[in-house]
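The opening residue of the sequence shown carries number 1 in the UniProt record's numbering; numbering runs sequentially from there.
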Amino acid sequence: MCAFVAAHAGAGTHPFKTEDICLKAVCKSKGDIVEAVKELENDFRTNCGFGSNLTFNGRVECEAAFTSSKGHVFGAVGVVSRLRNPIEIAAMVAREQLCGDKKFVLPTVLVGQGAEDWAKKRGIELCDPASLISKRSQQQWREAREIVRNWESETMDTVGAVSYENGCCNAACSSGGIILKAEGRLGHTVQVGGAIWADERDSKSIAIALSGCGEYIAQTLLAKTLSESLLNWNCEEDVILDKIKHVFNIAFLNSPYLQSRNERHILAGGLILFVDRENRCAELISFHNTTELTFAFFGNEAGMKYRSRSVSREMHNPVKKFVIPSRDDDLLEESDDFYTISIRPKLDEIISKVFRFRHDIDTGRWSRIIDRFDHLFFTIKPFSEGEPWRLRSQLVSLLNAGLKLTLDSIEELLPMLTSEAEAELAQDLSAEREMHARAFLIYVYLLCRLAVLFEKESSNRQSEVSSTKKGRKTMSDKADDQYMIQWACDRGKTLKLLRRAFSMNSIDAQGRRRNTAIRFLWQPSIVPPELLKISKDLAFKFLENPELSKASGREWLQAIFGYLKIICIDYNETAKIGAKLVNLMKRLDYLSLPSLTQSPFVDAIESVSYYDDMDILFQSMLSALSRLSKNDFARNDVSTRPFALFIVSLAEKKPYLLNKHIVNIASFLSDDPATLRCAVLTAFVEIVIVVYKGNLPEGNFRRSRDRLLLHLQDHTVDVNAVVRSRALQLWTRLARASQIPIVFISGGLIRDAGGRLIDKSVSVRRSAATFLSAILEYNPFGASLNADDLADAISHLEAERFELKSTNPEKEGIRKAYVEWASMKENVIHWITKAVKQRLSKRNAEASEEESVDNATDQNGNENAAGDTENIYAVVSETDGINTTAIDECIIDDDVTLEELVTKIVHALESRETCRAAIEVLVRAALDGRFPTVNRLVNGSADEIIRECYESLQVYYFDEHKKMQLADDKEMLELEDRIGDYQKTMEELDNKIKLHENALMFSLEIENCMKLALRSVMYGQANELTEIIHFIVEANKFAIRGSEKSVRELFKVVWRRDNAVKEIIINAARDLFISANKDRDVSARKSAENLMKIFLGIGEEERVSVEEVLCLMARENRWDIDLLDVLSAVVFETQGASRIAALRLFSIVCRANKEFMRERLNFFIELTQREGFFDNDDGALAAEFFNAIAMLGSTPNMKDVGTLYEPPFRLPETHRILQCVHAVLVQNVANASYNWLNMMQKAVNAIFYVAARPSLCCRLIASGLMHEAKRSLAYFFLKKREVKQIETINFENPPNSADVDEFEDLLAVRKERLGDCSETEDEELIGSQNVDLVDDEKLSKMKKDALELLEKDKEQSFLVWETVAERVCAFAGQIALKTLVHTDVSFVAEMKRKNEILHVIRTTLNDIDHNKLEKANCVEEFSTSRTLSTLEAESVERRGFFEVNEQEEGDRLGLTGISEEERILERAQRICESAVSRKGSLLHRLSKFLVAIVKSKKNTCSEKLRSTAVLALSKFMLLSMKTCIRLMPLFLEHFKNSPSSECRSNLMIAIGDLCFRFPNVIEKYSEHLYHGINDKDDYVRQTSIIVLSYLMLNDMVKVRGTVADLAQCINDENVNVGQLAKFFFSELAKKGNILYNLMPDVISRLSSSESVTIDDFIKIMKLLLAFIKKDKQADSLLEKLIQRMQGVINKDGLFDTRLAECLSYCISFLPLSEKSFRFMAESLPTYSNLLVLECVFTNLQSAVLHFKKYSVRNTELKGEVDDFLDSLTKMHHDKQEHEGIASRGLIHRKKCKAPLKLKKAR
């Protein structure tokens, strides 16, 4: 037997896991008992050596003993304080007895100083007694001193050990004594046979080590007594355990020596090692009557530990079962079945018990909770005094420690409880099981209840803090806060302990692992449901903490769900927990926080999941969620957001799981809250992306995916905007993941999304645009989606497929047969027709013969058949000359099958000789019923039989050839290969066609969406434009048809005032036009192409917007030099539209970056010097060039004073560019095909923006133009005179030859000039010159021809004059307009700049600031050598208009003086006046020219020319007030009487400008302003309303009575005119009381106007009176209308029915108030006579009834309304009845008077 050692830590209560200490000691000892005890002595947690109990005076006095069966030696030491390991000395004492000197009696026991000296002599190093005192022992000593009177310790913890080694047994012990022992006290350790004993007898050996009350053990020699009994024990009589019990009871518990001792102190326990060498067995027995005995043993290379416990005496008494109550108060009610609490302790008693319970826990006595429960229970009840949270906080810590000890003990007990082999032992442990179960339930109950209290208090404090927003904050108790913080730490420990309890496992005797081992504490082994309920409720209470939503609470949330996981899986509580979690989600506010993007529950459950073992909880929650109804979300305190987050998070974490249980959430798509519907749709998309990703084949997977996507598509048109927006966002996600099937793309999805672009919700519109952009960007069809290109591609592919079908290998085999059949088709039809007709005629003849012949036999039939065959042969022989031997194969036998017959016939057809015979056989067989297809037509007509025979033969022919082809294996293999390749090619081609068709449909859908997108852009908000604009830009990138036009339309948004919108447009333009290619050359070239492309084919309206966008883009981010170089190359090297577009881009760059382009002026100069640059130009190129030049200049910013020092960019009049302007204008003025007017406007702009002296340039140009005008007019008059001369020629007297020659020469010249002189006519002219005499007829013809030529020439010259004159007039008007702008803006700004310069120069005379002098010197940009202008000369001489005049010098106080700015403006006005009125000036001379044209006769000037002239005159009138007054009559005459609607419209606009310029002048002629309202032309009326609306709304023209004419425009036939009129009145209603003041006049005028029908009147007044919204105005107007109704009498003294009807309608449209109603009721008698009219009564009644609806609450007023209605109705009926009587009386009177008149007549 190998070495064996066992050690115990003493009998008593151990606060530490001393069994671990024992195990460690025996394992390290390697079988040496002394080493094992030394390990125990060195550990402070044992009562021996270091950490021993202290005496009453606080000293250490240790004792130890050793004995061995070998030699029966014994050694002991006692009362030693300086020996670290007393057992070592005791063993030395014992072992010296074996090897010592036999002469002397060696000591067995040494104590005190003697023992220490003895050890020192033998080399044992002594230690300081203080080093043996541990902190724990010192603390226990202090506590024991304080409560010595109430000390209840049962700790008897002498350590001991037994061993078997080398055939002998050993025993040892070591002790520090009992606490507070008397000094010098010796315990049972030093007593031989008391604490230890080792002996052997025969083959038996025994070793005993005891612990307990030393005095009583020593007194009874318990160790020796037990040893003697066991050595004499007969194993056959009883078991060893019963023997030990028997001896222990007799020799110790019932010993006569201890009868007078305190029974509570008669305690003992220990280890017995019994070895039977004969039977080769050994037993280790532990026994004790103390609370615990911990021990461990080591042998056979294995060690084990144990903690043995005994049941207290109280447990043997019958007690009631403890059950966790559902209510706390249930424990206070008496019960016969369950444990209840009968005491009602005071607070002091509770506190005292808590402190005592603390000592119990410190000493490891966890079971004392059973005794303390009655007092501890009241800590969970409300406290009326004291500090409850402090006490509860301390108790929670103690309960956690006690529960930990309890679980440690349960873990040691469970192996015995779960072992089936130890059934008897388990029965013996029933009391201990019951104690453990009871204590565990109490611990759990108290902890859970205290935890709930702490959680409630913590939540309340958090809510108080969050609710305190303003005012003085509530001061919380810092001590209580400290306890709450402590609770945050303790709750984690509590949850860990509970998790440990419920997850406890055990290994039974058979080695099986038992899960949920805690259940074995109860019989049967089922965990009480109350325990599970309170444990689950605790976790659910923890989940109510709002801190769990924060990142700091994530770990705690995972811990909670880790605890719930154990209960779910191990205790099958998944369904209940899932339902409870769903119910919790209803009321947990923190789950509805907007900051949450994931469900905390799902994240926590997933974090504690291991290999998807928590999926069952998700399934349970989904099941519980599906049971929720719409009513569950109808409550105000229930939010759907937690459930939505749960569904979305679960879809992201567990898409496969959710897909299996998708039916649980699909029901929420019906009419549940929008948030929930959004979540379900999101889950669907997650499933589609993860579960159904990729291209799915046909089957259930594809159908499931399509069902989910159909739900998503349905909700793009959901009634809720949030759902619609979310659905579109999800479609966007699918598009970016390329997960949208093509069937959905072509199945209306794009159309549905496009419809959302005009949705009412901004978010929906944004989402729709984002989706359309995404599906364009990630479309499966490619980068080019132009519908026209796709249609062409489809056509090509279909043509290719058609061609490919003709090469089908399947038809190759029978193609030869087709060819052969086609070659003999006509013969076959002919032969079939002939054969059928012969057979039918013969059959008819036979039928007639059968009627006369009675005996028809079969033989005759055979003969006939033979005869038929012979006839066939005969016919064939006669026709084709074939032998009978060649036709043998065509003979028909009755035994031949149909298949064989067909084969023979087809083979016969192959031969030319047997072809006809085969057809004869076919026909005969068909008519005999051998062919099923023909059999049904045997009795049919000949044509039907012929057709069926032919079709059957054709089918049989081709089928037979196919059979022949299939018979050749080699050919079939080749054919199969070709067919496979063909089918593959056809399949690829079909897929391409299908793809292109889907792409075409997609392109068309996107094209339709662009129109809606444009509409949304025009009226949308700034925060949605980014997405919509991006969609349009993307469409342009993919070449969607019409996208370029959409982009141009899109740029109109740039005119919005919102800078954010402009920024969006600029970014879109940059993305659209500027290439992102890294190669700079490629990028510049591509960008230039994009920019020029946008201008090709662009309209003027679109061009302005595009230029503005590009200008803003160029201004923010200057274009690269490379790009400008490319544009320059285009300008120089290309022709036509590309050159014009490039120049237009240069004009934009000039406008955006003036300084940059001014430095590159040579570029434009070089263009003017380039030969033929303007050749073949129609005016567009020149216009763009002049526009770019104009953009180099700038209009000064009057508001920015800082720019006054910046000199303007001006060019001298001799500059090359200005000379080019002059030349182009003058040279092309007479060219009718030249777009001169547009070019002229750009040229004039260039002159006034960049020319240093614009007036001089204009004078030179005007001179050249007038010269052209005079020349063209002179030429016209010359031609006119020539015509008159020819007309007056008289040929009665024969002219001489010279006259004729002269006339003919003139005629020839005219023909040459007109280009219609032919060679024949020339010959005739030459011949006529040689004729001396001309007859009259010839002369008349020559005169007629000459007149026709001259008339054409005259008309042509007149057109030239008209063109030149019209352009001169336009030029004059443009100069006048630009002169006004130049004077008011540029001149004023320049004068301000000069004034500042002069001011700086003068102030520097007395100022030494050199910086100012330098600044003043550098601002002048003109050279000093030039001649000063008059203005400059006067300014230098201090005589200019900047100086103070004499009148202003007298104004010392500055009361009448004007400022310098006002003086400049006054001077500018004088310049404008003088520019027109000063004789000799350019504008004065041009004004005379214009007046002359306007006043000219019709035969001199056309109406178009006069219209142009009068429009130019209106611009002259803007310059000068005098000119305006002088020309106003002429202007108004043309305004009213001009036959040109365009002229009238333009003049109306000019009136608006004149009103703004000279309002006092126009005031005199204001009645003429309304003339355009009644114009017959729609466009003129529109213009008139726009201008008048502007003038009236801006108070430039007073609103007069003629506004009634504007009201009539509401019902205009033109819809635009009506809309403009409505807009005018809606804006007028916003300007105070103007409309209200005008209403009586408007009503009067409209009601009296016969041109306004009643229906029109109603429509107008319904609109106008709707703007009267103030009650006071409505009441006042109603009173006026009622007063007006009192006098509704026309000039004949009769009722004016029309006026009454109109007034009543107006009253019905006005809202009544209580005041106006009473006035209406009081005035009833005054207008009662009008109630006879049905319309008046109806209108008044409707007004009152409408008022009645709002007077329901006022019962008194309601009664008055009812009375008034009754009175109104009664008067109406009375009046009608009276009127009827009067009418009948009048009729009767007329009838009576009629005879009298006849009588008089007689």
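Every residue, glycine too, gets a C-beta built ideally from N, C-alpha and C.
Remember, predicted model here, so these are calculated numbers, not experimental data.
Could you spell out where the alpha helix (DSSP H) holding residue i opens and where it closes?
| i | result |
| --- | --- |
| T914 | Segment: none, T914 is in no alpha helix (DSSP H) and carries neither H nor E. |
| M1092 | R1080 to K1093 |
| residue 1803 | This structure does not reach residue 1803, given that the chain is present from 1 up to 1802, and the question cannot be answered. |
| D603 | P600 to V608 |
| G402 | P388 to L417 |
Beta-carbon within less than 6 Å of residue i's beta-carbon, same chain only, minus the 5 sequence neighbours each way: which residues are those?
| i | result |
| --- | --- |
| L1699 | S1647 and V1688 |
| residue 1824 | With the chain represented from 1 up to 1802, any question about residue 1824 goes unanswered, as that position is not in the structure. |
In its own chain, which residues sit with a C-beta less than 7 Å from the C-beta of residue i, not counting the 5 before and 5 after it?
| i | result |
| --- | --- |
| C678 | A644, V722, V723 and R726 |
| N1616 | Q1582 |
| E1714 | L1757 |
| V690 | P655 |
| L1665 | C1706, F1709 and L1710 |
In whole angstroms, what separates the C-alpha of residue i from that of residue j?
| i | j | result |
| --- | --- | --- |
| residue 1814 | K984 | The structure shown has nothing for residue 1814, since the chain only spans 1 to 1802. |
| K470 | E464 | Any reading at K470 must be qualified, since the residue scores a pLDDT of 42, below 50, and its modelled position is unreliable; no value is offered. |
| T1769 | E1779 | 15 Å |
| N871 | A918 | Here N871 scores only 40 on pLDDT, less than 50, and its place in the model should not be relied on; the value that follows carries that caveat. Between N871 and A918, the C-alpha separation is close to 14 Å. |
| N1238 | A787 | 37 Å |
| V527 | R627 | 30 Å |
| M1010 | I775 | 14 Å |
| G1618 | V1061 | 31 Å |
| K1279 | Q1356 | 10 Å |
| N42 | D481 | 43 Å |
When DSSP builds the beta bridges, which residues end up paired with residue i?
| i | result |
| --- | --- |
| S211 | G269 |
| N170 | S68 and S163 |
For the beta strand (DSSP E) containing residue i, name the first residue and the last one.
| i | result |
| --- | --- |
| Q282 | Residue 282 is actually Ala in this sequence, not Gln. Here the beta strand (DSSP E) through A282 covers C281 to H288. |
| H8 | F4 to G12 |
| W118 | Where W118 is concerned, there is no enclosing beta strand (DSSP E), although the alpha helix (DSSP H) it sits in stretches over G112 to K121. |
| K305 | A302 to R309 |
Would you kindly check if the distance between the Cβ of residue j and the Cβ of residue i is under 7 Å?
| i | j | result |
| --- | --- | --- |
| A674 | N720 | yes |
| A1114 | V1149 | yes |
| K1515 | A1376 | yes |
| S174 | V159 | yes |
For residue i, which residues in the same chain have their Cβ closer than 8 Å to its Cβ, ignoring the five residues on either side in sequence?
| i | result |
| --- | --- |
| A6 | V26, A161, V162, S163, L271, L273, L284, F295, A296, F297 and F298 |
| I1525 | V1561 |
| E1324 | At E1324 the pLDDT is 44, less than 50, meaning the model places this residue with poor confidence; the figure from the coordinates comes in the next sentence. The answer is none, since no qualifying residue turns up. |
| C1111 | I1148, R1151 and A1152 |
When the cut-off is 7 Å and only beta carbons count, does residue i lie next to chain C?
| i | result |
| --- | --- |
| N631 | Although the question refers to chain C, the structure presented lacks it and comprises just one protein chain. |
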